[in-house]
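Peer 1: Before anything else, here's the structure in question.
Number of protein chains: 2
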Amino acid sequence: MKVPCFRALITVTVLGVCHSVHALWPMPRNLETGTTLVKLAPTFDIHVQGISQVPQDLLDAISRTKTRLGSDKLQRLVVGRGSVDKGSLAHAPSLSKLVLSVTGSKTVQSIMHEATKDIASRSEGYSLSLPSTNGGTATITANSSLGLFRGLTTFEQLFYDDGTGVTYAYQAPVTIKNDSPAYPWRGFMLDTARNFFAVSDIKRTLDAMRMVKMSQFHWHVVDSQSFPLTIPGFPELTQKGAYSADEIYSSADIQVIVTYAGTRGIDVLVEIDTPGHTAVISTSHPEHIACAQASPWESFANEPPAGQLRLASAATANFTASIIKNIAHTLPSTMFSTGGDELNVNCYTQDAQTQADLKASGKTLEQALDAFTQTTHGTLKAIGKTPVVWEEMALEHQVTLSNETIVMVWISSQNAAAVTAKGLRLVHGPSDFFYLDCGAGEWIGNDSAGNSWCDPFKSWQKAYTFDPLASLSAAEIPLVLGGQQLLWTEQSSPQNLDSIAWPRAAASAEIFWTGSKLPDGTAINVVNALPRLHDLRFRMVQRGINAIALQPQWCALRDGSCNLDS
Amino acid sequence: MKVPCFRALITVTVLGVCHSVHALWPMPRNLETGTTLVKLAPTFDIHVQGISQVPQDLLDAISRTKTRLGSDKLQRLVVGRGSVDKGSLAHAPSLSKLVLSVTGSKTVQSIMHEATKDIASRSEGYSLSLPSTNGGTATITANSSLGLFRGLTTFEQLFYDDGTGVTYAYQAPVTIKNDSPAYPWRGFMLDTARNFFAVSDIKRTLDAMRMVKMSQFHWHVVDSQSFPLTIPGFPELTQKGAYSADEIYSSADIQVIVTYAGTRGIDVLVEIDTPGHTAVISTSHPEHIACAQASPWESFANEPPAGQLRLASAATANFTASIIKNIAHTLPSTMFSTGGDELNVNCYTQDAQTQADLKASGKTLEQALDAFTQTTHGTLKAIGKTPVVWEEMALEHQVTLSNETIVMVWISSQNAAAVTAKGLRLVHGPSDFFYLDCGAGEWIGNDSAGNSWCDPFKSWQKAYTFDPLASLSAAEIPLVLGGQQLLWTEQSSPQNLDSIAWPRAAASAEIFWTGSKLPDGTAINVVNALPRLHDLRFRMVQRGINAIALQPQWCALRDGSCNLDS
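Chains A and B supply the protein sequences, listed in that same order. The numbering used here numbers the first residue of the first sequence as 1 and each following residue consecutively. The numbering used here numbers the first residue of the second sequence as 567 and each following residue consecutively.
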């Protein structure tokens, strides 16, 4: 067994040197560190250099970083916590400032502008230097405000508190050259339809995502159970479809969310799942919904209540396109999801109107689905948006998807290769690795012995061992945009949002930023990850995110001592 | 399929009659209800009648009930929520007051006095009447302050808010005759050693327990990882054994907790697990601990770190007895747990001192364990305390336990009969039904594929189907004191305490109060339980307890509609 740091501590604790853990998450792709403690000078400040007009959201981000450097108050996770460094800190060199600068152009766009660009053209890379000299200057350089922002996030993670208010880094000098993500899509999906989440819950989630450099918030905002999303021109959808007047995202709320996200380097992908998962629309537009609340629901839907858009009806297709258009054009993202999972054929077979519509048009159901999709996707493309769909649209149906369409793989990690084989881009969200809701028992009411359909629980370790490139050819690799962990909320609510998601959902954030190898060339692995994930979790708690303990605190303070020896 | 209430609502919603759900938890053992809405009169008050001196904790409880009747603001879980009753409420009769009285003696003891009596002699029964007449008087009668307190808890659950501040019951008249628990032990166990929980977290847990009439808080306060419990005369145990100076229960904290519990009808069973699970004592008393932090831990303990009290040493036995005595005599409970689970024999085989002690005394390890137990239990008995042990002490070791000893069954529900066969009283805490921590993945650091040892997750439905009397003879039934759900906290912390426990842990509270049958004579079952558990969960959320959603809100508002039809 490799001797872990805590055992070495028995002999070297007086020197305060226990530097085997680099508590950064996600691990930069390039990292060199020393063993010198450097504290922030009382006059420490953050400056921007060589930019003619600094974007307001970058100035705000700098301000938040300065606040957090003082307010995190995170003590190192070693036996003795911050006190182990007190002696060394008395004579430690001070860091006088951090300077941010952009390479090349003196004109920079806002973080939000950069974060909401096309997924293929975002610039998130940065370099960082933290010297060990007294009175030294740290630097972050990047090609964009978004890169500087990612660098600030790394910078914050380097600092600890000694228990008496001294803020310091303990691994100076730190040099990170050209850190940049392996994949542009590092996401988290939240379902706000099965149960409602307040804007404050979503903001807190975005804060957690920001801490691990996530780039995409996938907002599964409506579903068969409720319609909390205000659509301009269609107020009846929320008036009749939201759980209550207090459980609606107003147009102002939506702008607050996309702006809060964007200024934190996160693009928001809004999804209106179609044509399935739309039962609730029957409360305001029964004319557009087949098999609305049909019984037994098991015959018409994967979960109650049943109800799907009448895809063979031109009126329904146009109605759907109008909804999508009216909301999509208000959103900064270049992407919009039309969903497309779990279509129930029997619902349409039993629906007289759909059968009549099919007969009138001479189309099969699959042909009607294709026409429906051309209508909704055509609308999106007309306003410059790229469509995103669940995997069934690519793999199970006879739908023509344009080349730029992004496909979300969810049913099984085994299905990724079939998507790339069609030349389509994909996002990994496999239920067998990334579903955060699995393993909490059956939620259907009268099944006392049942477990969740995707048992067992997907531990952070399980998620962390996901291989984004498994069974893909070299030519298919560029089609992988990244991945995300997902929270479906049949059994979740604001009360357990943080605890079910964090720090677990950070696993994929590292896989898709760091890639397959650590800076020293070894493959990423749970043994290296665990102490860093502890650190992230404790820092999240300091920031008001209710991330849960991964182990007894005894283990968190003693890296390696709760591993199996055999 | 039985037509659920929400479907009937389609036709009768205008009458506001949807009364199939009696949203009480635990269900009283006797219940008659009507269909009349009764609102609280503006002058509504709660009076105590015929008691010469009303105990202060009963007065305080009444005050809290009055506050909650106004502050709960829980709207009924039906489509339309509180608004469905608005029309009927305008002309509804008003309840003028609630009168509490004690049958027999005019002298009553405090709730805390009654709640901390010997487990076999507590009086929790009560009768309740809520009339449907205008200007009527509701009554709660009982033999003790504790019975009145249980009645108040039921009374609170009868009231809802219509969304405009009108507080009302909707099932008057309500008559409950001689409701009393099927079992006296209805508990919840919290481990505060693997991870620390603040006094406020414990108070909030006691609040939740109180809502479901739980009677026992089992506080597994110390373990091998940390020793947060202040023991008078042994300050070094916490000074060296707590995670930090901020993670200690002071003597004052302990009194706050037992008083907060007692005045809410809850007895606190404190456990100091011995002789295993004591590694942390080596930080202050290495002389008493065998195999302290021995490596590999797998050879010496069920989880890290290894370390057990040197049970063959008379000095260690006396030290242990002193600790137990010094804390136990400060506690109101008549019970104290000496633990006794997961003893590791190899630890003692490898410990030179234990081997020398055994040789000197001529005892086998089992004989030494018996002597050790006689010392600790003798000390408890000398101060009037009943010992509580984990099942291994009764089933796996050659230890003589006195008849009054209470045994906790945890390894398997199958082991209960073996305990009663020995004539010992038991508390059900089987890991296969009642462990709240199962199913969250492996927490040992380097086991990426592992699941928890007690997979899968124990859903509320699973817990609810536990049969306390399975495979017991009629003669053995009186030996069953009740049961409890347990939270071991290797993967829990204050951040998920509420969400992992509630409303799940309420399942056993109903099993052990209501018993096997509902008031109408049918067997208790998850279909009847679900809407009531939803109601409890929503009420907990209103009171600041982060109980999680059991289903989409759509289902919670439509009883039966998320059941399988087939």
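Glycine included, C-beta positions come from ideal geometry on N, C-alpha and C.
#1: Quick check: Ser144(A) and Val99(A), are their CB atoms within less than 8 Å of each other?
#2: Quick one: what's got a C-beta closer than 6 Å to Phe149(A)'s C-beta in the same chain, skipping five residues either side?
#3: With DSSP run on the structure shown, which of helix, strand or coil describes Asp1086(B)?
#4: If you count every other CB in all the chains shown that lies within 10 Å of the CB of Lys359(A), and 16 or more means buried, which is it?
#5: Assign Glu114(A) to one of two classes, buried (16 or more other C-beta atoms within 10 Å of its C-beta) or exposed (fewer than that).
#6: Under 8 Å between C-beta atoms, does Ile1077(B) make it to chain A?
#7: Is His277(A) closer than 8 Å to Ser224(A) when the C-beta atoms are compared?
#8: Please look up how many angstroms separate the CB atoms of Gly717(B) and Tyr692(B), rounded, as I've assumed it's under 8 Å.
#9: Which value, in whole angstroms, describes the spacing of the CA atoms of Ile10(A) and Ala421(A)?
#10: Sort Ser471(A), Thr334(A) and Gly339(A) by Cα distance to Ser121(A) and report the nearest one.
#11: Any Cβ of chain B within less than 8 Å of the Cβ of Tyr243(A)?
#12: What are the complete alpha helix (DSSP H) segments, minimum 4 residues, inside the segment 846-908 of chain B?
#13: Let me make sure I understand the geometry here. Which of Ser810(B), Ser1082(B), Ile972(B) and Thr952(B) has the alpha-carbon closest to that of Leu1047(B)?
#14: Hey, could you find the ends of the alpha helix (DSSP H) Asn346(A) is sitting in?
#15: Which same chain residues end up closer than 6 Å to Val48(A) when comparing Cβ atoms and leaving out the 5 residues on each side of it in sequence?
#16: Relative to chain A, which residues along the segment 1001-1013 of chain B have a C-beta separation below 9 Å, given in chain order?
#17: Where does Trp554(A) sit, in a helix, a strand or coil, going by DSSP?
#18: Roughly how many angstroms lie between the CA atoms of Ala90(A) and Leu77(A), to the nearest whole one?
#19: Quick one: any contact between the segment 992-1003 of chain B and the segment 445-453 of chain A, if contact means 3 or more CB pairs under 8 Å?
#20: Exposed or buried, which one is Asp1033(B) when buried takes at least 16 other CB atoms within 10 Å?
#21: For Glu837(B), which beta-bridge partners are listed by DSSP?
#22: Under the DSSP definition of a beta bridge, which residues are partnered with Gly482(A)?
#23: Within 8 Å, do at least three Cβ pairs link the segment 1089-1107 of chain B to the segment 523-543 of chain A?
#24: With 7 Å as the C-beta to C-beta threshold (strictly closer), list the residues of the segment 1084-1109 of chain B near chain A in chain order.
#25: For Ser649(B), which residues in the same chain have their Cβ closer than 6 Å to its Cβ, ignoring the five residues on either side in sequence?
#26: Residues in the same chain with beta-carbon distance under 6 Å from Glu476(A), minus the five sequence neighbours each way, listed in chain order, please.
#27: Among the residues of its own chain, which have a CB less than 8 Å from the CB of Ser968(B), if the five just before and after it don't count?
#28: Return the CA-CA distance between Asp85(A) and Ser850(B), expressed in angstroms with no decimal places.
#29: Are any of the Cβ atoms in chain A nearer than 8 Å to that of Asp907(B)?
#30: Within 10 angstroms of the Cβ of Lys39(A), are there 16 or more other Cβ atoms? Answer buried if so, exposed if not.
#31: Of all the CB atoms in chain A, is at least one closer than 8 Å to the CB of Val580(B)?
#32: Verify the CB distance criterion: does Glu271(A) have a CB-CB separation below 8 Å to chain B?
#33: Looking at C-alpha atoms only, which residue of Val955(B), Val965(B), Gly653(B) and Thr896(B) is the closest neighbour of Thr930(B)?
#34: Using a C-beta cutoff of 8 Å, does Cys1020(B) count as contacting chain A?
#35: For a contact defined as C-beta to C-beta under 9 Å, what are the partners of Asn546(A) on chain B?
#36: For the alpha helix (DSSP H) that contains Ile406(A), what are its first and last residues?
Peer 2: Concretely, from the data shown:
#1: Taking the first sequence and counting its residues from 1, one reaches residue 144(A) at position 144. Taking the first sequence and counting its residues from 1, one reaches residue 99(A) at position 99. No, the pair does not count as a contact, with Cβ atoms beyond the cut-off.
#2: Position 149 of the first sequence, counting from 1, holds the residue named residue 149(A). Answer for Phe149(A): Ala61, Ile111 and Gly265, listed in chain order.
#3: In the second sequence, counting from the first residue as 1, residue 1086(B) sits at position 520. The answer is coil: DSSP assigns Asp1086(B) none of H, G, I, E or B.
#4: Working through the first sequence from its first residue, we reach residue 359(A) at position 359. Looking at its Cβ environment, which holds fewer than 16 other Cβ atoms inside 10 Å, Lys359(A) is exposed.
#5: Start at 1 with the first residue of the first sequence, and residue 114(A) comes out as number 114. Classification of Glu114(A): buried, given that the 10 Å Cβ count is 16 or more.
#6: For the purposes of this step, residue 1077(B) is taken as the residue at position 511 of the second sequence. Taking Cβ atoms only, chain A never reaches closer than 8 Å to Ile1077(B), which makes this a no.
#7: Here the question's residue 224(A) lines up with position 224 in the first sequence. Here the question's residue 277(A) lines up with position 277 in the first sequence. Taking 8 Å as the Cβ cut-off, Ser224(A) and His277(A) qualify as a contacting pair.
#8: Counted from its first residue, the second sequence places residue 717(B) at position 151. Counted from its first residue, the second sequence places residue 692(B) at position 126. Sure, about 4 Å apart at Cβ, within 8 Å.
#9: On the first sequence, position 10 is the one that residue 10(A) refers to. On the first sequence, position 421 is the one that residue 421(A) refers to. Because the pLDDT of Ile10(A) is 33, which lies under 50, any placement of that residue in the model is unreliable, and the question is left without a value.
#10: Sequence index remark: in the first sequence, residue 121(A) carries index 121 (1-based). Minimum Cα distance to Ser121(A) is reached at Thr334(A).
#11: Counted from its first residue, the first sequence places residue 243(A) at position 243. Closer than 8 Å to some Cβ of chain B, the Cβ of Tyr243(A) qualifies, so yes.
#12: 880-894
#13: As a first step, residue 1047(B) must be located in the second sequence, where it is residue number 481. Among Ser810(B), Ser1082(B), Ile972(B) and Thr952(B), the Cα nearest to that of Leu1047(B) is on Ile972(B).
#14: Position 346 of the first sequence holds residue 346(A). Here the alpha helix (DSSP H) through Asn346(A) covers Val345 to Thr349.
#15: Locating residue 48(A) in the first sequence gives position 48, counting from the first residue. Here the set comprises Val54 and Leu100.
#16: Gly1005, Ala1006, Gly1007, Glu1008, Trp1009, Ile1010, Gly1011, Asn1012 and Asp1013
#17: As a working note, residue 554(A) is residue 554 in the first sequence. If DSSP states are grouped into helix, strand and coil, Trp554(A) belongs with the helices.
#18: As a working mapping, residue 90(A) is identified with position 90 in the first sequence. As a working mapping, residue 77(A) is identified with position 77 in the first sequence. So the alpha carbons of these two residues sit roughly 20 Å apart.
#19: no
#20: In the second sequence, the residue the question calls residue 1033(B) occupies position 467. The residue is exposed, with fewer than 16 neighbouring Cβ atoms inside 10 Å.
#21: Here the question's residue 837(B) lines up with position 271 in the second sequence. Per DSSP, His786(B) and Ser903(B).
#22: Indexing the first sequence from 1 puts residue 482(A) at position 482. In DSSP, Gly482(A) forms a bridge with Trp185(A) and Val427(A).
#23: no
#24: Val1092, Val1093, Leu1096 and Val1107
#25: The count along the second sequence starts at 1 and reaches residue 649(B) at position 83. Hits under 6 Å: Gly729.
#26: Counting from 1 along the first sequence, the entry for residue 476(A) is found at position 476. Once the five neighbours on either side are set aside, the close Cβ partners of Glu476(A) are Thr420.
#27: Within the second sequence, the letter at position 402 stands for residue 968(B). Here the set comprises His943, Lys947 and Pro953.
#28: On the first sequence, residue 85(A) is found 85 positions in, with the first residue counted as 1. On the second sequence, residue 850(B) is found 284 positions in, with the first residue counted as 1. Answer to the nearest angstrom: the Cα atoms are 23 Å apart.
#29: For the purposes of this step, residue 907(B) is taken as the residue at position 341 of the second sequence. For Asp907(B), the answer is no, since every Cβ of chain A falls outside 8 Å of its Cβ.
#30: Translated into positions along the first sequence, residue 39(A) becomes position 39. Classification for Lys39(A): buried.
#31: As a working mapping, residue 580(B) is identified with position 14 in the second sequence. Caution applies to Val580(B), whose pLDDT of 31 falls short of 50 and renders its modelled position unreliable; the value that the coordinates give is listed next. No, its Cβ sits nowhere closer than 8 Å to a Cβ of chain A.
#32: If you number the first sequence from 1, residue 271(A) lands on position 271. No, because no Cβ of chain B sits closer than 8 Å to the Cβ of Glu271(A).
#33: Position 364 of the second sequence, counted from the first residue, corresponds to residue 930(B). Answer by Cα proximity: Val965(B).
#34: As a first step, residue 1020(B) is located in the second sequence; it is residue number 454 there, counting from the start. Cβ-Cβ to chain A under 8 Å: no for Cys1020(B).
#35: Locating residue 546(A) in the first sequence gives position 546, counting from the first residue. Ordered by position in chain B, the residues that pass the 9 Å Cβ test against Asn546(A) are Ser1059, Pro1060, Gln1061, Asn1062, Ser1065 and Asn1112.
#36: Here residue 406(A) refers to the residue found at position 406 when the first sequence is read from its first residue. First-last for Ile406(A): Ile406 to Val409, but that is the beta strand (DSSP E), not the alpha helix (DSSP H).
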